[in-house]
Amino acid sequence: MRWLKTPLKLLDGARTRFARTGDAALAPHLDLGRRGEQLAAEHLRTRGYKLVASNFKLGVGRNRRGALVQAEIDLVAYDGATLCFVEVKTRASDRFAAPETSVDLRKQRQITRAARVYRRLLGLASAPYRYDVVSVLLPPPSEDAAAPCPRIELFRSFWTEDKFRKRRWSENF
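Heads up, the sequence shown is in this note's numbering, so the first residue is 34 and it goes up one at a time.
Following this line, the structure appears as structure tokens:
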């Protein structure tokens, strides 16, 4: 069958299909996010993680109206034998809320669905896994001082899949 591909070919296709083309200038908020993901990846490498994929995008199903739901996993890495799905949140200021607070239930559900598909595609259903969040605070440089250091924080096991597991009607009581 033509549509069956090996998992590595699927990953390569996803990488090339969603890779940025050219060096066109990004919008400031997109550039901030890209820099935050690069800093988060470097931070994870220094902590011993082995990065497998970044910006992994795929369709994970359909919403109630029938529209395709796309999900993205910012970083996929191994921490020892544990497969980690990492969401990176970058902000220029934590004046209103910390970056990690924006990983709400909707975002967690999307990443969980994408991680299930990822594990199924690569045959990693029985491998241990977890969901991490990296919070990156990149304050803008001030005119009178040197560029401030970014603040990077790793939250291991930020959420579990239990709250998204489908239950039988009788399990609700």
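Beta carbons are placed, not taken as given, at the ideal position from N, Cα and C, and that holds for glycine.
Note that this is a predicted model, so its numbers are computed, not measured.
The residues Pro-174, in chain order, have a CB closer than 6 Å to that of Ala-180 in the same chain once the five nearest residues on each side in sequence are set aside. With contact defined as three or more Cβ pairs closer than 8 Å, the region 62 to 77 and the region 153 to 162 are not in contact.
A Cβ-Cβ separation of about 6 Å places Lys-90 in contact with Gln-103 under the 8 Å criterion. Bridge partners of Thr-115 according to DSSP: Asp-112. DSSP places Tyr-164 in the strand class (E or B) of the three-state scheme.
Beta-bridge analysis with DSSP links Lys-83 to Tyr-111. Around the beta carbon of Cys-117, 16 or more other beta carbons sit within 10 angstroms, so the residue counts as buried. Counting the other Cβ atoms within 10 Å of the Cβ of Pro-132 gives 16 or more, which makes it buried. Distance from the CA of Ala-147 to the CA of Asp-107, rounded to the nearest whole angstrom, comes to 11 Å.
The continuous beta strand (DSSP E) containing Arg-189 extends over residues 184 to 192.
Annotation for Pro-172: Pro-181 place their beta carbon closer than 6 Å to its own, counting only its chain and skipping 5 residues before and after.
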